[in-house]
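Trainee: Going by the numbering used here, the sequence shown opens with residue 28, and the numbers climb by one from there.
By construction, the Cβ of each residue, glycine as well, lies at the ideal position given by its N, Cα and C atoms.
First the structure, then my questions, so here it is.
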Amino acid sequence: MKRRWFQLVSTFIHNGYPGFLITNNIYTGFLKNFCGPGLNCHSCPASLFTCPLGILQNFFISIRLLPWQVLIGSFFYILSFLLLFGLLLGRFICGWLCPFGFFQDLIYKIPFFKKQIHIPSQIRFYLKSLFLIFFVIVLPLSIVNEFGYGILWFCKYICPAGTLEAGYFNLLIKPSLLYLIGLVFYLKTLILLFLIILCLIDLRFFCKNICPLGLIYGTFNKIGLLRLSFSQNNCNSCKICEKVCPSNLSIPEEINSIECIRCLNCLKICPTKAIKLEMRKPYEVSDCKA
């Protein structure tokens, strides 16, 4: 089955609540107790699941308010989802299951000026780390109101998926919300438009350079169950694999790096079958390229 079909089905599963057409409200049922794997806004009217980044920020803004017993339970609850998704799939989620990744792939198909914006992998890592540490952890944890409650900084001020899915989708079904729009929404709209333009030019710009969730999943690429293996003996050094890589990776050096979204473009196009997708054996703890 083609990757696009997986992405389409996953997007509909993430956003599989038709009841909003009747209620004009977001889904708040049992499934909202669980995280969906991809970047998909909790407040999208059709969303069935909560967002991993949203629930992570909620944990940090609640630290001053909740008893330690509750915090420990919440911590392990969040950790279990991230470990489950990360160890089983890693950034395979980014390439095949993430609704906002799918959106970026569709955007890039629009005829427009195209150019790979070459940012070294190390710099990309630092950029994503900045957004994860600063906007997902430090600011929600450290800046609070008089009641001790913080703000979901990444969700409120940056997340383009939230602007698109929760912001504009809710405006479509509730036009009365238009009168409540403030400066923050306009600023987030500018961020969304800016990122859309960058994604028109460079495939998956947001994934490669900004997404904190991709960084979290990427840390599991070397230790997760799914990995790419490379056979130097089969390789004819044609480098066609690098030309189709949306993450602009050097292959084989970065084949299982944090930046690989497991799209499998390299595997499919390799004329000598030097690249394979494998499932790691339980006793293996190190990455192999042979």
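Check this for me: beta carbons of Leu242 and Asn283, under 8 angstroms apart or not?
Mentor: As a working note, residue 242 is residue 215 in the sequence shown. As a working note, residue 283 is residue 256 in the sequence shown. Going by C-beta atoms, Leu242 is not nearer than 8 angstroms to Asn283.
Trainee: Which one of Lys136, Gly100 and Ile90 has the shortest CA to CA distance from Ser169?
Mentor: By 1-based counting over the sequence shown, the position of residue 169 is 142. The candidate whose alpha carbon is nearest that of Ser169 is Ile90.
Trainee: Where does Phe76 sit, in a helix, a strand or coil, going by DSSP?
Mentor: Along the sequence shown, read from residue 1 onward, the residue named residue 76 stands at position 49. Here Phe76 sits in coil by DSSP.
Trainee: Report the start-end ranges of each alpha helix (DSSP H) in the stretch 203-270 that is 4 residues or longer and not cut off at the edges.
Mentor: As far as the stretch 203-270 is concerned, its whole alpha helix (DSSP H) runs of at least 4 residues are 210-228, 232-236, 239-245 and 267-270.
Trainee: Since Ile228 and Lys141 are thought to touch, with beta carbons under 8 angstroms apart, how far apart are those beta carbons, to the nearest angstrom?
Mentor: Stepping through the sequence shown from its first residue, residue 228 is reached at position 201. Stepping through the sequence shown from its first residue, residue 141 is reached at position 114. Yes, Ile228 and Lys141 are in contact; Cβ-Cβ is about 6 angstroms, under 8 angstroms.
Trainee: For the alpha helix (DSSP H) containing Leu98, list its first residue and its last residue.
Mentor: By 1-based counting over the sequence shown, the position of residue 98 is 71. Segment Trp95 to Leu115, the alpha helix (DSSP H) holding Leu98.
Trainee: Please go through the same chain and pick out, in chain order, the residues whose beta-carbon is closer than 6 angstroms to the beta-carbon of Gly113, but skip the five residues on each side of it.
Mentor: The count along the sequence shown starts at 1 and reaches residue 113 at position 86. Once the five neighbours on either side are set aside, the close Cβ partners of Gly113 are Tyr244 and Phe247.
Trainee: Is it the case that the Cβ atoms of His41 and Asn67 are separated by a distance below 8 angstroms?
Mentor: Residue numbering aside, residue 41 sits at position 14 when the sequence shown is read from its first letter. Residue numbering aside, residue 67 sits at position 40 when the sequence shown is read from its first letter. Cβ atoms of His41 and Asn67: closer than 8 angstroms.
Trainee: Given Pro239, which residues of its chain have a CB within under 8 angstroms of its CB, disregarding the five upstream and five downstream residues?
Mentor: For the purposes of this step, residue 239 is taken as the residue at position 212 of the sequence shown. Taken in chain order, the residues that qualify are Leu80, Lys155, Phe158, Leu159, Phe162, Val163 and Phe181.
Trainee: Roughly how far, in whole angstroms, is the beta-carbon of Leu205 from the beta-carbon of Leu198, given that I think they are within contact range, below 8 angstroms?
Mentor: For this step, residue 205 is matched to residue 178 along the sequence shown. For this step, residue 198 is matched to residue 171 along the sequence shown. About 6 angstroms separates the two Cβ atoms, so the contact holds.
Trainee: Should Leu219 go down as buried or exposed, given a rule of 16 or more other Cβ atoms within 10 Å for buried?
Mentor: Counting from one through the sequence shown, the residue named residue 219 turns up at place 192. The residue is buried, with at least 16 neighbouring Cβ atoms inside 10 Å.
Trainee: Starting from Leu304, follow the alpha helix (DSSP H) in both directions and report where the run begins and ends.
Mentor: Taking the sequence shown and counting its residues from 1, one reaches residue 304 at position 277. Looking at the DSSP string, Leu304 is not in any alpha helix (DSSP H); the run it does join, the beta strand (DSSP E), is Ile302 to Met306.
Trainee: Out of Cys226, Lys215, Lys295 and Asn275, point me to the one whose CA is closest to Pro147's CA.
Mentor: In the sequence shown, residue 147 corresponds to position 120, counting from 1. Pro147 has its Cα closest to that of Asn275, out of Cys226, Lys215, Lys295 and Asn275.
Trainee: Over the uninterrupted alpha helix (DSSP H) stretch that includes Lys141, give me the two end residues.
Mentor: Taking the sequence shown and counting its residues from 1, one reaches residue 141 at position 114. Counting along the chain, Lys141 falls outside any alpha helix (DSSP H), and DSSP gives it neither H nor E.
Trainee: Report the residue from Thr38, Val211, Glu280 and Ile99 whose alpha carbon sits nearest the alpha carbon of Gly122.
Mentor: Here residue 122 refers to the residue found at position 95 when the sequence shown is read from its first residue. The option with the nearest alpha carbon to Gly122 is Thr38.
Trainee: Of the choices Pro126, Ile302 and Gln131, whose alpha-carbon is the least far from that of Phe233?
Mentor: Numbered from its first residue, the sequence shown carries residue 233 at position 206. Among Pro126, Ile302 and Gln131, the Cα nearest to that of Phe233 belongs to Gln131.
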